[in-house]
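Everything in the sequence shown is counted per UniProt numbering, starting at 1 for the first residue and increasing by one.
Don't be surprised by glycine CBs; every beta carbon is placed ideally from N, CA and C.
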Amino acid sequence: MQVCCDLEVDVNGEEVFMVDKKTLASFSKRFGGLFGNSMDNSGNLKVVFHDFPGGAVGFELIARFCYNNGRTQITPASVVLLNCAAQFMEMESDGHRPSLLNQTKKSLDGISFWSWSELLVALKECQDLLLSPSKPSLILDKVLDCVVGRLVSPIVASPYTSSSENSSFQCSCDTRSSYSTRNNSSQVSWWFEDLLFLNIDLIDKVIKLMICQHFDHATITKFLFCYQRSRFVTATPTEKCRIMEVIINLLSLLDRNSLSCKHLFDMFRVASSLENISKHCKSVLDTLIGSQLDQATIDFLLVPPPRKKHYMYDMNLVLRLVNAFQNELNCCSSLVRLRKVASLLDSYLVEV
Numbered sequence: 001m002q003v004c005c006d007l008e009v010d011v012n013g014e015e016v017f018m019v020d021k022k023t024l025a026s027f028s029k030r031f032g033g034l035f036g037n038s039m040d041n042s043g044n045l046k047v048v049f050h051d052f053p054g055g056a057v058g059f060e061l062i063a064r065f066c067y068n069n070g071r072t073q074i075t076p077a078s079v080v081l082l083n084c085a086a087q088f089m090e091m092e093s094d095g096h097r098p099s100l101l102n103q104t105k106k107s108l109d110g111i112s113f114w115s116w117s118e119l120l121v122a123l124k125e126c127q128d129l130l131l132s133p134s135k136p137s138l139i140l141d142k143v144l145d146c147v148v149g150r151l152v153s154p155i156v157a158s159p160y161t162s163s164s165e166n167s168s169f170q171c172s173c174d175t176r177s178s179y180s181t182r183n184n185s186s187q188v189s190w191w192f193e194d195l196l197f198l199n200i201d202l203i204d205k206v207i208k209l210m211i212c213q214h215f216d217h218a219t220i221t222k223f224l225f226c227y228q229r230s231r232f233v234t235a236t237p238t239e240k241c242r243i244m245e246v247i248i249n250l251l252s253l254l255d256r257n258s259l260s261c262k263h264l265f266d267m268f269r270v271a272s273s274l275e276n277i278s279k280h281c282k283s284v285l286d287t288l289i290g291s292q293l294d295q296a297t298i299d300f301l302l303v304p305p306p307r308k309k310h311y312m313y314d315m316n317l318v319l320r321l322v323n324a325f326q327n328e329l330n331c332c333s334s335l336v337r338l339r340k341v342a343s344l345l346d347s348y349l350v351e352v
């Protein structure tokens, strides 16, 4: 049967495809709706897409599916792109034709058998293709559940127990050497650098999912500090504020005993250098530091004052931390902790 090319498709300005409109419309409700009564017209039509998922590569996969009568190979590396493109083209089942959307969803049934490297590839595709991580997405939820499930599982102690030797995925992080954990003897932090490529919105979802699944809070804390240092290397001032605010909010959800006083003060210094960080974020950070004030040393408290202030140290900060410490005290350990803080304040008064 001869197939004509009566439809010109401009995909995101990247490439122009000449295809048969009936072939594509038979699988895509979006095309069917666009053409309507003009389906039988002999003249050529043109469609311009500005935001097609995956650009020319994504459209070519869709076209191949249609020309192959609803058949295509779906792999962990392609399932996210195919799913996003199928949703964009409204390729749901009508009971008569194979549905690409249904096929991509069905392929996720085997996600528990994917290697660690394949999961990372799919997660990166989700980040690249899903414009709004806050918008519900079945495929993103499936991938995140499996990634976190692997980390929570006591069986997975290193990436080599679940990753493929032949995977082409490599985490693109310029700070790999600085924050390398894969060769670390610790078995709890092998995955740190693997997730450093995630944007802060996906980190927010990952960490909250970890908390729900009772992942070790001390390990989460270490990862968040590592992530903040790594991302700040290339982040813009606006991105730094967003990263800091999300991380501080996530730290506030963790057990206070998992927090490091030193790292919190380091974070305070970084936050203080950001002009547009929210007051709420600063207040939450004060509370977190105050809860660990008995772990502090005198050096931690000798913080320079805010800009345009003409005294040597920020005494208002110390007052805020003491108030936060008092609010966080519990009756079981209050006496010992109070003595430590009292001794710390004595040393501080001598210094200032």
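Bounds of any alpha helix (DSSP H) do not take in residue 10; it lies within the beta strand (DSSP E) bounded by 7-11. Between the alpha carbons of residue 256 and residue 326 lies a gap of roughly 14 Å. With at least 16 other beta carbons inside 10 angstroms of its own, residue 294 counts as buried. Of 187, 219, 230 and 222, the smallest CA-CA separation from residue 198 is found for 230. Per DSSP, residue 18 lies in no alpha helix (DSSP H) segment; the continuous beta strand (DSSP E) that holds it begins and ends at 15-19. Under the DSSP assignment, residue 225 falls in the alpha helix (DSSP H) whose first and last residues are 217-232. Around residue 145, the same chain offers 209 as residues with beta carbons nearer than 8 Å, after the five sequence neighbours per side are excluded. In this chain, the beta strand (DSSP E) harbouring residue 49 covers 45-49. Residue 125 sits buried, since 16 or more C-beta atoms from the chains shown fall within 10 Å of its C-beta. Residue state for residue 253 is assigned as coil, using DSSP reduced to three classes. Excluding its 5 nearest sequence neighbours in each direction, residue 271 has C-beta neighbours in its own chain below 8 Å: 244, 248, 277, 281, 282 and 285, listed in chain order. Three or more Cβ pairs drawn from the segment 22-31 and the segment 63-83 lie within less than 8 Å of each other, which places the two stretches in contact. Secondary structure remark: continuous alpha helix (DSSP H) runs of at least 4 residues inside the segment 269-329, in chain order: 279-291, 298-301 and 315-328. Collapsing the DSSP output to three states places residue 238 in a helix.
The Cβ neighbour count for residue 93, taken over all protein chains shown within 10 Å, is under 16; the residue is labelled exposed. Residues 91, 92 and 93 of the same chain have their beta carbon placed closer than 7 Å to that of residue 99, with the five preceding and five following residues left out of the count. Judged by DSSP in its simplified three-state form, residue 263 adopts helix. Judged by beta-carbon spacing, residue 28 lies within the 9 Å limit of residue 62, meaning their Cβ atoms are closer than that value. The beta carbon of residue 215 lies closer than 6 Å to those of 152 in the same chain, with the five residues before and after it left out. Close CB contacts of residue 84 within its chain, under the 6 Å cut and outside five residues either way in sequence, are with 53 and 129 (chain order). Shortest Cα-Cα distance from residue 212 to any of 148, 45, 80 and 47 involves 148. Distance from the CA atom of residue 17 to the CA atom of residue 252, rounded to whole angstroms, is 51 Å. Sequence-distant Cβ neighbours of residue 266 in its own chain, meaning closer than 7 Å and more than five residues away, do not exist here. Excluding the 5 residues flanking it on each side, residue 11 has same chain C-beta neighbours closer than 7 Å at 17, 49, 52, 55, 56 and 59, in chain order.
The beta carbons of residue 192 and residue 241 sit about 23 Å from each other, so the pair does not count as a contact at 8 Å. If you check the CB distance, residue 76 and residue 111 come in under 9 Å.
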